[in-house]
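In our numbering, the protein residues as written are 66 to 184.
Glycine residues also receive a C-beta, built at the ideal position from the N, C-alpha and C atoms.
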């Protein structure tokens, strides 16, 4: 950013409201082909840490998508017929991504941003 372009930084905060977090997750995964009978998005969002930002949800969704791509490639290499090019995400794609995920902000970072917001 060029100096003077933006005069003030505004801290928006992290949403702890489940409905907001669910809507954010839905918006980020709306174009994904998720096998719905295997995956409960509502329960998954509840299992996510409360200190996750929108960018964290994006990173988590991307990690799940990459997991599904790896699974698709592995399955296609085992077959000799035509490659299936549709990426279907299943519950384990999301749970595996969450298991290795670390939110970008810890509690100290959040407190620091909230102090800056008040000043």
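In terms of CA proximity to residue 117, 80 leads the group 80, 176, 157.
Between residue 90 and residue 106, the gap from beta carbon to beta carbon is short of 8 Å. Within the same chain, Cβ atoms closer than 6 Å to the Cβ of residue 100 are found at 153, 155, the five residues on either side in sequence being excluded. Annotation note: the region 110-161 contains the following uninterrupted alpha helix (DSSP H) runs of length 4 or greater, listed N- to C-terminal: 119-143. Between residue 85 and residue 172, the alpha-carbon positions lie close to 20 Å from each other. Between residue 94 and residue 126 the beta-carbon gap is near 5 Å, inside 8 Å, which marks them as a contact. Here the alpha carbons of residue 135 and residue 175 stand approximately 34 Å from one another. Of 122, 131, 110, the smallest CA-CA separation from residue 168 is found for 122. Around the beta carbon of residue 184, fewer than 16 other beta carbons sit within 10 angstroms, so the residue counts as exposed. In terms of Cβ geometry, residue 92 and residue 163 do not form a close pair [threshold 8 Å].
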